[in-house]
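There are 2 protein chains.
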Amino acid sequence: MTDSERELLEANGTFYSAFARRDLQAMEELWSQDAPVACIHPGWEPLRGRDAVMTSLENIFGGGGAPATITCVNATPHVLGPYAAFVVCYERVPGGDLAATNFFVREGGRYRLVHHQSSPIARPAQPQGLKKSGPMN
Amino acid sequence: MTDSERELLEANGTFYSAFARRDLQAMEELWSQDAPVACIHPGWEPLRGRDAVMTSLENIFGGGGAPATITCVNATPHVLGPYAAFVVCYERVPGGDLAATNFFVREGGRYRLVHHQSSPIARPAQPQGLKKSGPMN
């Protein structure tokens, strides 16, 4: 694993530890200030712009919409040159796993989040022979 | 709109026209050859690597898993410097809309796809007051 990949996975871990703690301040520091951000929570319409994303997190953390627990498993780093990168992972929440992507750019010498999307996985409906990976791989 | 944003939306449109035509050759040309690619189809586990993604598209196109029609609506371009960029949009398919993100990098002088994620939208379950955008905005 390269230094960039290690750093990327650390930034990704920061998202999940902040989410688990419902730590809005940590989210404010993690999400990019300069790049155009967006977010698609599970089952939601897309949110576009930092204000919309931060308001959604504030409401989720304060309004009881956050899962009781959330952990990130089987995260793979995808470094796209010196500036941008993304992580594909599973989010383990009560009731099952979600499939998620987190996109980052380098800002102020570290990775900052520009996009998060998390999707329900319909495991029983998964076509046989098409499944390429699982959360325990 | 900048030239990069226009070019980005054109590349995004190429994805949906190729998907609508079930054109695997166009997909081969659109997806990055050099960058680490991934894909999360609606309800699916993450697919990692070009071979897994191309096999999934081949199976979807050939196996009847593709929607009868698909169009991209309300696409917004997010250019992240000279190399990477993403588009957030809705995918209009029979039965409703999906929320999608497509990430691109510049390769060979044009945008090529490195990641696609599409999620079902649970509109009836959307918490009131949290919705920030809709497909007709």
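From first to last, the protein sequence lines are chains Z and L. For my numbering, add 2 to where a residue sits in the first sequence, where the first one is 1. For my numbering, add 2 to where a residue sits in the second sequence, where the first one is 1. From the three backbone atoms N, C-alpha and C, an ideal C-beta is built for every residue, glycine too.
Going by beta carbon distance, what residues of the same chain come within less than 7 Å of residue i, once the five residues before and after it are set aside?
i     : result
D36/L : E109
Y18/Z : I72, T73 and C74
D99/Z : Y92, E93, I123 and P137
Quick one: what's got a C-beta closer than 6 Å to residue i's C-beta in the same chain, skipping five residues either side?
i      : result
V116/Z : S34, A37, V39, F105 and V107
M29/Z  : A20 and L59
R52/L  : V39
A13/Z  : F106 and Y113
H118/L : C41 and N104
Could you check whether residue j and residue i sit closer than 9 Å to each other, using their CB atoms as the reference points?
i      : j     : result
A77/L  : L11/L : yes
V90/Z  : P69/Z : no
R125/L : E47/Z : yes
Regarding residue i and the ligand FMN, is the C-beta to nearest heavy atom distance less than 8 Å?
i      : result
P122/Z : The ligand FMN is absent from the structure shown, which contains no ligand whatsoever.
Thinking C-alpha only, which one of the options is nearest residue i?
i      : options                        : result
L49/Z  : I62/L, H80/L, G111/L and A22/L : H80/L
T73/Z  : G97/Z, P84/Z, F88/Z and D53/Z  : G97/Z
F2/Z   : I123/Z, L26/Z, M3/Z and S6/Z   : What is shown of chain Z runs 3 to 139, which leaves residue 2/Z out entirely.
E7/L   : G51/L, R24/L and A86/L         : A86/L
S120/Z : A54/Z, A22/Z, N14/Z and I42/Z  : I42/Z
A22/Z  : G67/Z, E9/Z, W46/Z and R52/Z   : G67/Z
P88/L  : T103/Z, W46/Z and R24/Z        : Rather than Pro, the amino acid found at residue 88/L in this sequence is Phe. Closest by alpha carbon: T103/Z.
State the DSSP-derived secondary structure class of residue i, mapped to helix, strand or coil.
i      : result
P129/L : Interpretation of P129/L is limited by its pLDDT of 47, a score under 50 that renders its predicted location unreliable; no figure is taken from the coordinates.
T57/Z  : helix
P114/L : Per the sequence presented here, residue 114/L reads as Arg, with Pro not at that position. Note: R114/L maps to strand in three-state DSSP.
G136/L : Residue placement at G136/L cannot be trusted, given a pLDDT of 43 that sits under 50; the coordinates are not used to answer.
Q119/L : strand
A87/L  : strand
I62/L  : helix
R8/Z   : helix
R24/Z  : coil
E109/Z : strand
E30/Z  : helix
G98/Z  : strand
A37/Z  : coil
A13/Z  : helix
Buried or exposed, going by whether 16 or more other CB atoms sit within 10 Å of the CB of residue i?
i      : result
T16/L  : buried
P44/L  : buried
T4/L   : exposed
R114/Z : buried
E31/L  : exposed
A127/L : Per-residue confidence for A127/L stands at a pLDDT of 43, beneath the threshold of 50, marking its modelled position as unreliable; the derived number appears in the next sentence. Classification of A127/L: exposed, given that the 10 Å Cβ count is below 16.
G131/L : Confidence is the limiting factor: at G131/L the pLDDT is only 45, short of 50, which leaves the residue's position unreliable and the question unanswerable from this model.
Got a sec? Which residues, its chain only, sit under 8 Å from residue i by beta carbon, not counting five neighbours each side?
i      : result
P129/L : The predicted position of P129/L is uncertain, since its pLDDT is 47 and thus under 50; a value taken from the coordinates is nonetheless stated next. Closer than 8 Å at Cβ, skipping near neighbours: no residue.
M56/Z  : L26, M29, E30 and W33
L82/Z  : F88
A54/Z  : C41
E9/Z   : R112 and Y113
N61/Z  : G67
G65/Z  : none
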